[in-house]
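Q: Quick note: the sequence shown uses our numbering, first residue 24, plus one each step.
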Amino acid sequence: MPYLKIQTNREVTDNVRQEILKKASLLVSKNLGKPEKYVMVRLDPPLPMMFAGGTGPCAYLELKSIGLPESKTESLSRILCQFLQDELKIPSDRIYIEFVDVKSSMWGWDGGTF
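1) According to DSSP, simplified to helix, strand and coil, what is M63?
2) Note down the Cα distance separating G135 from I43, rounded to an integer number of angstroms.
3) Under a three-way DSSP split, which group does A75 fall into?
4) Please report how far the alpha carbon of K57 lies from the alpha carbon of L99, in whole angstroms.
5) Rounding to the nearest angstrom, what Cα-Cα distance links L27 and A75 in this structure?
6) Is R33 near L103, with beta carbons less than 8 Å apart?
7) Quick one: is R117 buried, meaning 16 or more other Cβ sit within 10 Å of its Cβ, or exposed?
8) If you reduce the DSSP assignment to three classes, tell me which class I102 lands in.
9) Between which two residues does the alpha helix (DSSP H) carrying S52 extend?
10) Going by beta-carbon coordinates alone, are L49 and A82 separated by less than 8 Å?
11) Which residue spans inside the segment 78-136 form an unbroken beta strand (DSSP E) run of at least 3?
12) Under a three-way DSSP split, which group does L27 fall into?
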């Protein structure tokens, strides 16, 4: 049920894209305490993006999950920013992250809801 969407203006090769997806899936699973079999990660192709008046490397992330505690958002922000800094060389001050706690009845899966 956790869903991480990464949008960036950084070019990435297919091999790097696959590695980032794998690492991000494990990172989300571990830090939310959710089974990886429910984690979905999306890394969009490079998009035209501007942040703070410049077109340097930047990213916008959405992390949605059932039961996403507000008490974890600060540490998740630090972890995800460090991840993108390490993997894509995006400075943490050029990353926005939207955290969304979704009600289980509003998350569909396998023909039903959670």
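Every residue, glycine too, gets a C-beta built ideally from N, C-alpha and C.
A: Looking at the coordinates:
1) For the purposes of this step, residue 63 is taken as residue 40 along the sequence shown, with counting starting at 1. Of the three classes helix, strand and coil, the one that applies to M63 here is strand, per DSSP.
2) Residue numbering aside, residue 135 sits at position 112 when the sequence shown is read from its first letter. Residue numbering aside, residue 43 sits at position 20 when the sequence shown is read from its first letter. C-alpha separation (whole angstroms): 30 Å.
3) As a first step, residue 75 is located in the sequence shown; it is residue number 52 there, counting from the start. Here A75 sits in coil by DSSP.
4) As a first step, residue 57 is located in the sequence shown; it is residue number 34 there, counting from the start. As a first step, residue 99 is located in the sequence shown; it is residue number 76 there, counting from the start. If I take the Cα positions, the gap works out to 14 Å.
5) Here residue 27 refers to the residue found at position 4 of the sequence shown. Here residue 75 refers to the residue found at position 52 of the sequence shown. Taking the straight line joining both Cα atoms gives about 23 Å.
6) Working through the sequence shown from its first residue, we reach residue 33 at position 10. Working through the sequence shown from its first residue, we reach residue 103 at position 80. No, they are not a contact pair.
7) Reading the sequence shown from its first residue, position 94 is the one you call residue 117. Per the 10 Å Cβ criterion, buried.
8) As a position in the sequence shown, residue 102 is number 79, starting the count at 1. Under the three-state reduction of DSSP output, I102 falls in the helix class.
9) The count along the sequence shown starts at 1 and reaches residue 52 at position 29. Here the alpha helix (DSSP H) through S52 covers 37-55.
10) Locating residue 49 in the sequence shown gives position 26, counting from the first residue. Locating residue 82 in the sequence shown gives position 59, counting from the first residue. No, Cβ-Cβ distance for L49 and A82 is not below 8 Å.
11) 82-89, 118-125
12) Counted from its first residue, the sequence shown places residue 27 at position 4. Secondary structure at L27: strand, using DSSP grouped into helix, strand and coil.
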